[in-house]
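Report on the following structure.
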Amino acid sequence: MFLNPFKKAFGLDLGDHSIKVVQLKQRLVNKGPYHYELAHASSFNLPAGLIVNGEIVQPEEVIRLLKSHLTQQKIHLNKIPWAVSCLPETKTYIQLLNIHLSEPKEKLEQSDIESLIPSYLPYELNEIYLDWQEINPNPKEVDRSVLLAAVPKKIADPYTYLLNIAGIVPLAFEVEALPIARAVINRQKDLTTQSRGILDLGATRSSFIIYDHGTIQFSLSLPISGAQITEHIQKSLSLTFEQAEKIKKECGADKGKCSPELAKVLEEIIDDLAKKITQAIQFYKVHFPEKNTLTGIRLCGGGANLLNLENILSAKLKMKIRKVNPWVNIYPKGEEPMPLDESISYTTAIGLALRAIENPLTI
Ligand SMILES: Nc1ncnc2c1ncn2[C@@H]1O[C@H](COP(=O)(O)OP(=O)(O)OP(=O)(O)O)[C@@H](O)[C@H]1O
Ligand SMILES: [Mg+2]
Numbered sequence: 067m068f069l070n071p072f073k074k075a076f077g078l079d080l081g082d083h084s085i086k087v088v089q090l091k092q093r094l095v096n097k098g099p100y101h102y103e104l105a106h107a108s109s110f111n112l113p114a115g116l117i118v119n120g121e122i123v124q125p126e127e128v129i130r131l132l133k134s135h136l137t138q139q140k141i142h143l144n145k146i147p148w149a150v151s152c153l154p155e156t157k158t159y160i161q162l163l164n165i166h167l168s169e170p171k172e173k174l175e176q177s178d179i180e181s182l183i184p185s186y187l188p189y190e191l192n193e194i195y196l197d198w199q200e201i202n203p204n205p206k207e208v209d210r211s212v213l214l215a216a217v218p219k220k221i222a223d224p225y226t227y228l229l230n231i232a233g234i235v236p237l238a239f240e241v242e243a244l245p246i247a248r249a250v251i252n253r254q255k256d257l258t259t260q261s262r263g264i265l266d267l268g269a270t271r272s273s274f275i276i277y278d279h280g281t282i283q284f285s286l287s288l289p290i291s292g293a294q295i296t297e298h299i300q301k302s303l304s305l306t307f308e309q310a311e312k313i314k315k316e317c318g319a320d321k322g323k324c325s326p327e328l329a330k331v332l333e334e335i336i337d338d339l340a341k342k343i344t345q346a347i348q349f350y351k352v353h354f355p356e357k358n359t360l361t362g363i364r365l366c367g368g369g370a371n372l373l374n375l376e377n378i379l380s381a382k383l384k385m386k387i388r389k390v391n392p393w394v395n396i397y398p399k400g401e402e403p404m405p406l407d408e409s410i411s412y413t414t415a416i417g418l419a420l421r422a423i424e425n426p427l428t429i
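Position in the sequence shown (from 1) plus 66 gives the number in the working numbering.
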């Protein structure tokens with residue numbers, strides 16, 4: 067876009083435990099298919115209790131910390147106030163829906179989508195914000211597909227309020243699965259006959275996304291998270307949270323490094339995780355008739371750094387599983403601007419930054 071007034075907009079990932087900022091800029095000279103490069107990436111941890119399960123409990127303190135971080139990082143909101151942000155995965159909905167029309171029509175209308183809501187979401191229409199996009203529209207067909215994203219107003223409004231008070235203009239709020247998929251699905255790769263799973267293991271929430279036919283099919287919150295894994299280790303091995311976090315990061319599920327007790331605790335957790343993923347894949351097989359075979363799962367979020375997790379999950383699910391490269395659409399292989407272990411925590415923020423530079427106002 068030539069005259070994009072928001073070209074310096076940044077991606078802002080607001081989580082319970084951390085806030086992450088990523089800003090991209092146009093390359094002076096394109097490098098093959100790569101048009102952008104990193105202008106800024108930073109993050110800071112939020113003390114517990116300020117945002118809890120996606121609900122903003124202490125907005126004033128979050129605003130104070132966010133403004134002070136941005137000032138420190140030399141992101142001057144009087145010059146660049148625009149951001150694309152996301153809403154907590156556990157409180158939002160995203161799913162591909164099939165719509166059966168009584169007769170073919172050129173374009174779907176808002177009312178076509180609204181009529182479906184009661185059968186899909188436990189909310190009244192006036193309680194939610196809806197966003198939707200038709201997938202592969204064919205005006206001659208009566209059976210159409212729509213990617214629907216919905217957020218309860220009581221969740222979204224405090225985020226708008228928070229950013230406005232902080233002096234930030236939110237150009238868009240996305241459901242988290244969208245930026246994740248945007249960052250990690252390689253645009254150069256032909257995936258017409260394959261579907262992909264993406265598992266995001268964050269500090270307080272995890273989700274499993276299925277991507278197929280060029281779009282997200284659905285996203286499911288999983289009752290497992292990085293902090294829960296630490297708490298499990300803490301209880302089972304009678305440690306403090308800090309000690310448990312330390313051995314989780316240092317030893318993980320690496321047989322050569324961890325004690326048999328830790329291995330046992332992690333084995334149970336990973337077993338449970340594998341079961342939940344199998345159920346989600348099964349759900350996809352049963353409910354989505356046009357599915358492609360799931361050929362692999364990519365792991366992101368800081369929890370994906372658990373040593374040996376990829377190998378254990380691969381063996382349990384009998385499928386290729388590896389960590390994502392969230393720079394895959396921005397940098398050629400080997401030229402990524404930060405180590406991949408660190409990068410995977412930035413996956414959501416990178417996807418938001420891509421939206422901010424490419425298409426800030428519409429999906
Ligand atoms: N090497 C490691 N091994 C295991 N877990 C790790 C490792 N490094 C980070 N983690 C875990 O990753 C989690 C943080 O991940 P991430 O930065 O993606 O979370 P977040 O975005 O702050 O949280 P959320 O998305 O839940 O709001 C923490 O639970 C941390 O313990
Ligand atoms: Mg996160």
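C-beta: ideal position from N, C-alpha, C; glycine also.
In angstroms with no decimal places, state the Cα-to-Cα distance between residue i and residue j.
i: S272; j: N204; result: 35 Å
i: G318; j: L174; result: 49 Å
i: K301; j: A329; result: 14 Å
i: Y195; j: I282; result: 19 Å
i: N395; j: S325; result: 39 Å
i: F284; j: D178; result: 20 Å
i: E356; j: L167; result: 19 Å
i: R210; j: R130; result: 46 Å
i: I146; j: C152; result: 18 Å
i: K321; j: L303; result: 17 Å
i: Y350; j: E311; result: 34 Å
i: L49; j: E207; result: What is shown of the chain runs 67 to 429, which leaves residue 49 out entirely.
i: E316; j: G268; result: 18 Å
i: V150; j: Y225; result: 12 Å
Count the other CB atoms, across all protein chains shown, that sit within 10 Å of the CB of residue i; report buried if there are 16 or more and exposed otherwise.
i: A249; result: buried
i: L191; result: exposed
i: P392; result: buried
i: Q161; result: buried
i: D337; result: exposed
i: K389; result: buried
i: T361; result: exposed
i: A381; result: exposed
i: P71; result: exposed
i: Y227; result: exposed
i: S185; result: exposed
i: T296; result: buried
i: N119; result: exposed
i: K314; result: buried
i: I429; result: Model confidence at I429 stands at a pLDDT of 45, short of 50, so the residue's coordinates are unreliable; what they give is reported in the following sentence. Label assigned to I429: exposed.
i: L420; result: buried
i: V352; result: exposed
i: M67; result: Confidence in M67 is poor, its pLDDT being 45 and thus under 50, which makes the residue's placement unreliable; the coordinate value appears in the next sentence. Label assigned to M67: exposed.
i: N164; result: exposed
i: D278; result: buried
i: F307; result: exposed
Whose C-alpha, out of the options, is nearest the C-alpha of residue i?
i: Y159; options: A222, A370 and I396; result: A222
i: I364; options: K323, I410 and P398; result: It should be noted that the sequence gives Arg, not Ile, for residue 364. It is I410 whose Cα lies nearest to the Cα of R364.
i: L80; options: I423, E207, T413 and Q345; result: T413
i: V87; options: K314, A105, G120 and S304; result: A105
i: P154; options: A107, I165 and A243; result: A243
i: N230; options: A370, A247, G292 and W148; result: W148
i: G369; options: A310, A293 and D256; result: A293
i: E401; options: I85, P188 and Y100; result: Y100
i: P398; options: N96, I387 and K91; result: N96
i: Q254; options: Y350, A232 and G98; result: G98
i: I122; options: L90, I85 and D256; result: I85
i: E376; options: Q348, G233, E333 and M404; result: E333
Does the distance from the CB of residue i to the CB of residue j come in under 8 Å?
i: L182; j: I201; result: no
i: E240; j: L112; result: no
i: S287; j: T137; result: no
i: A340; j: L383; result: yes
i: V128; j: I141; result: no
i: C366; j: I264; result: yes
i: K219; j: E193; result: yes
i: I246; j: D266; result: yes
i: G115; j: A422; result: no
i: H83; j: T270; result: yes
i: P426; j: L132; result: no
i: Q92; j: Y102; result: yes
i: A216; j: L187; result: yes
If we define contact as Cβ-Cβ less than 8 Å, is residue i a contact residue for chain B?
i: Y100; result: Absent here is chain B; the protein component of the structure consists of one chain.
_So within the segment 374–417, which uninterrupted alpha helix (DSSP H) runs reach at least 4 residues, ignoring any that extend past its ends?_
375–383 and 406–409
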